[in-house]
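In full-length UniProt numbering, the protein residues as written are 1 to 304.
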């Protein structure tokens, strides 16, 4: 335990002295001085208290005023802050509404864009397929036309060469062999024997010729005058019934058929298939179709 030391104080002895009146007089003076000191002390304390009270009251008033001003300022700032918060909250809510609206619109536009994109893709595919098919058809047409052009060009070259040869031979004024008759640029031979159409053609080829091909009225008239007998000519439809062709593959242009001919035998089995053509005996020597195996004379033609 902490020990407390008390410093001994000097105490004033107030007891009456033993020396009588002098002591009482001194005591009275002491008491008066003490009362005076206490009174002065009380006055000082009272003045201090009054001054302190006045000072404290003024400080409290100023502090209260300052606090009121601070409170008013803070209240105003708080109200202003609340107002700003309200405005910002309203702006935020408006922006949120705008965002929701724009998001919905974006989704709608994206949906429409996808539909339009799908529609355009389908339309593009259809157009592409159509164009591809048209290009293929055009390519086939071009290929066919190119082949036809090549064929016609080859035919033109062959005809040109034939024409040049004929013109060259014509200029040479070659004569026909013995037993042959000349007309225009060709020589003609009437067989003295009879046989099938195929035998007649073989005989003509053996002579460097072929069965006659008639391509003008003048030639028809000339050949008709060679004989009064029936004779084979180079016309047939052996490859395809009803499609008549000359032996040089030239198309049939001028015809001299007898009435109601060709009739392919008229359906009579005794005549069989009539695929070869001959002159009929008589003045006009018109054409008639007959079985190729029939035995007739024939007429050959060649360029001298």
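Note that the Cβ used here is the ideal one computed from N, Cα and C, for glycine as well.
With DSSP as the reference, please indicate the residues paired to residue i in a beta bridge.
i: residue 241; result: Answer is none; residue 241 lacks a bridge partner.
i: residue 185; result: Beta-bridge pairing links residue 185 to no other residue.
i: residue 277; result: 289
i: residue 236; result: 245 and 276
i: residue 195; result: 296
i: residue 180; result: Partner(s): none; residue 180 has no beta bridge.
i: residue 87; result: Residue 87 is not bridged to any residue.
i: residue 231; result: 279 and 297
Please look up how many angstroms separate the CB atoms of residue i and residue j, rounded, as I've assumed it's under 8 Å.
i: residue 286; j: residue 256; result: 5 Å
i: residue 181; j: residue 226; result: 7 Å
i: residue 179; j: residue 189; result: 6 Å
i: residue 303; j: residue 204; result: Rounded, the Cβ-Cβ distance is 13 Å, inconsistent with contact.
i: residue 166; j: residue 215; result: About 13 Å separates the two Cβ atoms, so there is no contact after all.
i: residue 224; j: residue 284; result: 7 Å
Measure the CB-CB distance between residue i and residue j and report whether it falls below 7 Å.
i: residue 274; j: residue 265; result: yes
i: residue 248; j: residue 213; result: yes
i: residue 222; j: residue 183; result: yes
i: residue 289; j: residue 262; result: yes
i: residue 228; j: residue 281; result: yes
i: residue 196; j: residue 293; result: yes
i: residue 194; j: residue 291; result: no
Secondary structure at residue i, three-state DSSP: helix, strand or coil?
i: residue 100; result: helix
i: residue 212; result: coil
i: residue 298; result: strand
i: residue 292; result: coil
i: residue 284; result: coil
i: residue 78; result: helix
i: residue 73; result: helix
i: residue 247; result: coil
i: residue 190; result: strand
i: residue 2; result: Residue placement at residue 2 is flagged as unreliable, the pLDDT there being 45, under the threshold of 50; the coordinate-derived value follows with that caveat. Coil, per DSSP.
i: residue 19; result: For residue 19, the predicted structure reports a pLDDT of 49, less than 50, and the residue's modelled location is therefore unreliable. A value from the coordinates is still provided. Note: residue 19 maps to coil in three-state DSSP.
### Task
Evaluate the contact criterion for the stretch 287-301 versus the stretch 225-235: three or more CB pairs, one atom per stretch, below 8 Å.
yes
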